[in-house]
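Novice:
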Amino acid sequence: MGELATEKHVQYILSVEKRKDDFISVAMEYLRMNGAYWGLTTLDLLGKLDAIDVDEVVSWIMKCQHESGGFGGNIGHDPHILYTLSAVQVLALFDKLNVLDVEKVTNYIAGLQNEDGSFSGDEWGEVDTRFSYIAICCLSILHHLNKINVEKAVSYIVSCKNLDGGFGCTPGGESHAGQIFCCVGALAITGSLHHIDKDLLGWWLCERQVKAGGLNGRPEKLPDVCYSWWVLSSLIMIDRVHWISKEKLVKFILDCQDTENGGISDRPDDAVDVYHTYFGVAGLSLLEYPGLKAIDPAYALPVDVVNKIFFGR
Amino acid sequence: MKKKEGSSYPESKPVDLLHQFEHILEADPLIDEVGFIHPSQFAKLTEEADDATDIPTSECPSFWNRDHKFGVSTLVLLPLYNAAKLAFMAAIGEYKRLGPDVVVSGDGLESEVMKHSRALLLLSPDFGTAWNSRKLIVSKKQDLSIFMDELLLSELVLSYSPKSDHAWSHRRWVIKSVTGKCSTLQEILRKESELVEKIAERSKMNYRAWNHRCWLVSYMTRERVLQELKKSKNWAGLHVADNCCFHYRRQLMLRILKDSSCKQENASAGYAIEIYKLWKEELHWNETLIKQYIGREALWLHRRFLSLCWMKQFVTDVNDVSCNSEQKISISNDFGFFISNELQLLHSCSSVPNSDFDDFKAQATFSASYMLWLTKQSSEFLSKDSEHQEKLTAGNLKTLLSKVCPERSSLWDSLMG
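These protein sequence lines are chains U and G, in that order.
The first sequence begins at 1 in the UniProt record's numbering and counts up by one.
The second sequence begins at 1 in the UniProt record's numbering and counts up by one.
1. Could you pull out every residue in the same chain whose Cβ sits closer than 7 Å to the Cβ of residue 286 of chain G, ignoring the five residues on either side in sequence?
2. On a CA-only basis, which of U:77, U:137, U:207, U:179 is nearest residue 188 of chain U? Give me that one, please.
3. Roughly how many whole angstroms lie between the Cα atoms of residue 235 of chain G and residue 280 of chain U?
4. In its own chain, which residues sit with a C-beta less than 6 Å from the C-beta of residue 3 of chain U, not counting the 5 before and 5 after it?
5. If you check the beta carbons only, do residue 151 of chain G and residue 134 of chain G fall under 8 Å apart?
6. Can you name the residues of chain G whose CB is closer than 8 Å to the CB of residue 6 of chain U?
7. Are there three or more Cβ pairs, one per stretch, closer than 8 Å when the region 155-175 of chain G is compared with the region 117-134 of chain G?
8. Short check: CB of residue 178 of chain U to CB of residue 204 of chain U, under 8 Å?
9. Cβ of residue 163 of chain U within 8 Å of Cβ of residue 308 of chain G?
10. Using only the alpha-carbon positions, how far apart do residue 162 of chain G and residue 196 of chain G sit?
11. Who are the near neighbours of residue 41 of chain G in its chain, counting only those whose CB is closer than 7 Å to its CB and skipping five residues on each side?
12. Does the beta-carbon distance from residue 156 of chain G to residue 31 of chain G come in below 8 Å?
13. Does the beta carbon of residue 26 of chain U come closer than 8 Å to any beta carbon on chain G?
14. Taking Cβ-Cβ distances below 8 Å as the criterion, which residues of the region 196-227 of chain G are in contact with chain U?
15. At 4 residues or longer, what runs of the alpha helix (DSSP H) sit wholly inside the region 136-185 of chain U?
16. Where in the region 95-123 of chain G do unbroken runs of the alpha helix (DSSP H), each at least 4 residues long, occur, reported from the N-terminal end onward?
17. So, is residue 406 of chain G buried or exposed, given that buried needs 16 or more other C-beta atoms within 10 angstroms?
18. Could you check where the alpha helix (DSSP H) with residue 357 of chain G kicks off and where it finishes?
19. What first and last residue would you give for the beta strand (DSSP E) that runs through residue 37 of chain G?
20. State yes or no: is the C-beta of residue 228 of chain G within less than 8 Å of the C-beta of residue 252 of chain G?
21. Counting only C-beta atoms, is residue 81 of chain G closer than 8 Å to chain U at any point?
22. Residues of the region 214-243 of chain U with a CB closer than 9 Å to any CB of chain G: list them in chain order, please.
23. Can you tell me where the beta strand (DSSP E) holding residue 64 of chain G begins and where it ends?
24. Can you have a look at residue 312 of chain U and say buried or exposed, based on whether 16 or more other CB atoms are within 10 angstroms of its CB?
25. Who are the neighbours of residue 30 of chain U on chain G, taking C-beta pairs under 8 Å?
26. Less than 7 Å between C-beta atoms, sequence neighbours within five positions excluded: which residues of the same chain meet that for residue 154 of chain G?
27. Do we get a CB-CB distance below 8 Å when we pair residue 305 of chain G with the residues of chain U?
28. Let me know if residue 115 of chain U comes out buried or exposed under the rule of 16 or more other beta-carbons within 10 Å of its beta-carbon.
29. Following a CB-centred definition, is residue 74 of chain U positioned closer than 7 Å to any heavy atom of the ligand ATP?
30. Buried or exposed, going by whether 16 or more other CB atoms sit within 10 Å of the CB of residue 51 of chain U?
31. Using the rule of at least 16 other Cβ atoms within 10 Å of the residue's Cβ for burial, across every protein chain shown, is residue 262 of chain G buried or exposed?
32. Does residue 215 of chain U come out as helix, strand or coil in the three-state DSSP assignment?
33. Does residue 175 of chain G come out as helix, strand or coil in the three-state DSSP assignment?
34. Flag this pair as touching only if the region 45-61 of chain U and the region 111-123 of chain G have three or more C-beta atom pairs under 8 Å; answer yes or no.
35. Give, in chain order, every residue of the region 124-149 of chain U whose Cβ lies closer than 8 Å to some Cβ of chain G.
36. Is DSSP giving residue 296 of chain U helix, strand or coil here?
Here it is as structure tokens:
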């Protein structure tokens, strides 16, 4: 089994930003804010965030903010709750939350809560438990959870629970590890984990580990490095992580590295991208891989960043 | 002679490329499939679909269009995208600067936004701002046929990007917008359902697609739900590894269950019997598939659901005074029969004839963990049935599971002490 190619991954992440000549990366510009979060959090976990020009990033982020308080995925793009969380998380990484007009951002998020407790992603009204997590996580980071009806938010999430113990996008939606992370994360942040049957959900989650050691996100799917994050963080939050084989999972993630040019892919020998590089490194961090900063399973930020937010240092 | 476009060269100016691209879309509103193709394949495509009267192809075309299939050369994607984005951002910027109330429909700015957003979305399907701009303009008009055009554009985007979150979400926005304003909602739902099935055929276990189909259920009439159950059965039987379709069936079945519980007070026993039959039939069908397709996780998970609901639904009814006594007895007898049947199924599926066969090992694992899952979830029912409780003692299952699935030993240890 190889080791984590830390230096290569740092170089890879720094290089991605400079790519302007291929269609695939240019056509993804609408989610650059998410990309910034994935790339920069990875650098921080690897202990290399100082390679970044903070002022440049912060001023770009603030150019993505709208009058409404929400952030777009890039300059000139419409605001959405998905990008608002990434913006807040990146600012938190750099300890720059003070540049925000907190009232404005939190009003934007609180304004997206619906009567039934659910959250829309933006003014166009698509509802998803992902947006519930984002709203709760973001407001918690900004110390403004009191701006929403937490009780209703929790009961909406609980209404998306399936008989298999998992959660979907909306009531009746199929259980999916990504959605489960969002729901468990939101319940963890609001102190509502008692709504979860931990044995039942833990059972479903640990059935995601396939023979090769990797995790899939749904039954009968191939393993994918990103679920190292979604499944693992959920198992940790409900205290059932000992039900999977950690050693096998570490090996699977390390096998997905491009040891020559850096970066991590979804499965061994596939093409790498920033998204999977982040989830691979974050997964290894949850698995306590040596040399990595610890990451918080609910806030998806390094533990020292979370501590600074809640304990002042 | 069939229509044909495509004589520009990659070195054409980006703006010209965009015009050409938009012109093709404008000229052939029936285009139902878009794809990105390496130009070397254009000649082959033409050859395959050729007829004698065809004109000769240029050496390096940017676009290819015939029989309403539209191919875009991979060589022009980047300049084309840049031009489309520039044009779109300029148009929507101007539109927003003036304000939607000032812009008059006929003055061309709206159609500019619509034209360029369409071009952009065919190149970058999750460019949310472009979808939003269309919602802004379409919602101002409140014209059913314009709403329906949005479904067509979304379908075209899905033809090459079947997982596009925004394209699916745009459909839901359209349906929510027209609900209550049009008489053809059930017809629209039927077509939506068919679209998901069509896309699911070539994009396996597509979560976004099936999630959309599940979302439709709450808008369906009971008749529609029953038809969907009938229709999706065939598909599920041909795609036994696709958990999405089985989940869809679960939603349909739960909807029927929910409808009946709402009507409980004046519902006849006939209603309950109908559901009873539905469940029985599904359980029987599932067992047939399990025996036919060895080691399929989705089938066993479906059985967990069916059995748990069956117990919750019909075993509680044993104590329900509102049921007539004849029915009570038959259902109560069925419970014992049911558990015996499950034990028999476990028995027939848990023998591994040759340890080299992974499928049989998987089948044994799934069957034993199914049984364990069921006993854990239905302990309240089992505790009343000492005879079967004995047969289901954890010891036997633990021995079996530790043998066929040692990699999850810590789970088995935690669950069975």
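Virtual Cβ for every residue (Gly too), placed ideally from N, Cα, C.
Here the structure is a predicted model, which is why all the values come from computation and not from measurement.
Specialist: Well, looking at it:
1. 299, 302, 303, 306.
2. The residue among U:77, U:137, U:207, U:179 with its C-alpha nearest the C-alpha of residue 188 of chain U is U:137.
3. Cα to Cα, residue 235 of chain G sits roughly 36 Å from residue 280 of chain U.
4. Contacts found: none.
5. Taking C-beta atoms as the reference points, residue 151 of chain G and residue 134 of chain G fail to come closer than 8 Å.
6. Per Cβ cutoff of 8 Å: no residues; residue 6 of chain U is ~30 Å from chain G at best.
7. Flag = yes, the region 155-175 of chain G and the region 117-134 of chain G touch.
8. Taking 8 Å as the cut-off, the Cβ atoms of residue 178 of chain U and residue 204 of chain U do not count as close.
9. Cβ atoms of residue 163 of chain U and residue 308 of chain G: closer than 8 Å.
10. Roughly 10 Å between the two C-alpha positions.
11. Nothing listed; no residue qualifies.
12. Between residue 156 of chain G and residue 31 of chain G, the C-beta gap is smaller than 8 Å, which places the two residues in contact.
13. Yes, residue 26 of chain U counts as interfacial toward chain G.
14. Going along the region 196-227 of chain G in chain order, one finds 205, 207, 210, 211, 214, 215, 217, 218 with a Cβ nearer than 8 Å to chain U.
15. Correct list: 150-159.
16. Segments of the alpha helix (DSSP H) lying fully in the region 95-123 of chain G: 109-123.
17. The residue is exposed, with fewer than 16 neighbouring Cβ atoms inside 10 Å.
18. It is not in any alpha helix (DSSP H) - residue 357 of chain G carries neither H nor E in the DSSP assignment.
19. Annotation for residue 37 of chain G: the continuous beta strand (DSSP E) segment containing it runs 33-37.
20. Result yes, Cβ atoms of residue 228 of chain G and residue 252 of chain G sit closer than 8 Å.
21. Taking Cβ atoms only, chain U reaches closer than 8 Å to residue 81 of chain G, which makes this a yes.
22. Correct list: 217, 218, 219, 220, 221, 240, 242, 243.
23. Counting along the chain, the beta strand (DSSP E) containing residue 64 of chain G begins and ends at 63-66.
24. Classification for residue 312 of chain U: exposed.
25. Under the 8 Å cutoff, chain G gives 124, 126, 127, 128, 129.
26. In the same chain as residue 154 of chain G, and ignoring 5 residues on each side of it, the C-beta atoms closer than 7 Å to its own belong to 167, 170, 171, in chain order.
27. Closer than 8 Å: yes.
28. That one is exposed.
29. Ligands displayed in this structure: none; no statement on the ligand ATP is therefore possible.
30. With a threshold of 16 other beta carbon atoms within 10 Å, residue 51 of chain U falls short and is exposed.
31. Around the beta carbon of residue 262 of chain G, fewer than 16 other beta carbons sit within 10 angstroms, so the residue counts as exposed.
32. Reduced to three states, the DSSP call for residue 215 of chain U is strand.
33. If DSSP states are grouped into helix, strand and coil, residue 175 of chain G belongs with the helices.
34. In short, these stretches do not touch, since the Cβ pair count stays below three.
35. Under the 8 Å Cβ criterion, the region 124-149 of chain U contributes 124, 125, 126.
36. Residue 296 of chain U falls in the coil class under three-state DSSP.
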